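Just below is one structure, and these are the notes that go with it.
Residue numbers (our numbering): 2 to 123.
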């Protein structure tokens with residue numbers, strides 16, 4: 002009789018542990034799914050923000066490149082009259098540096114968008 006009682010206690014303990022583990026596993030599975038959904042939302046927000054930034058950067062790059070090209074042409078036409086410290090020459094150099102900076106930002110944003118899209122497919 003005592004052995005049956007001990008056996009029943011063991012079975013009850015195992016059942017209780019199994020039940021508790023099952024509940025913990027379900028809770029963890031729910032938490033993992035919530036985090037996956039949050040990650041998807043975050044990726045989508047990051048993608049949209051990067052796309053907006055890319056559009057703005059592209060517009061700025063076009064405007065700065067256009068201004069640089071026009072001023073550079075004027076400076077080249079008047080090169081004999083200007084020196085390295087002329088305001089126009091300094092402005093062309095400044096615009097050139099700005100173009101380089103915007104091109105770099107454009108490339109980084111484009112790669113960011115590609116990376117996010119790749120991760121979203123996975």
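All C-beta atoms in this analysis are idealised placements derived from N, C-alpha and C, irrespective of residue type, glycine included.
It should be emphasised that the depicted structure is a prediction, and the values quoted were computed from it without experimental measurement.
Check: Pairwise C-alpha distance: residue 110 and residue 32; Outcome: 32 Å
Check: Nearest-angstrom Cβ-Cβ length linking residue 104 and residue 72, presumed shorter than 8 Å; Outcome: About 18 Å separates the two Cβ atoms, so there is no contact after all.
Check: Classification of residue 93 by the beta-carbon crowding that lies within 10 angstroms, buried from 16 upward; Outcome: buried
Check: Whole-angstrom distance between residue 91 and residue 84, CA atom to CA atom; Outcome: 10 Å
Check: Nearest neighbour of residue 70, chosen from 55, 49, 97, 53 [CA to CA]; Outcome: 97
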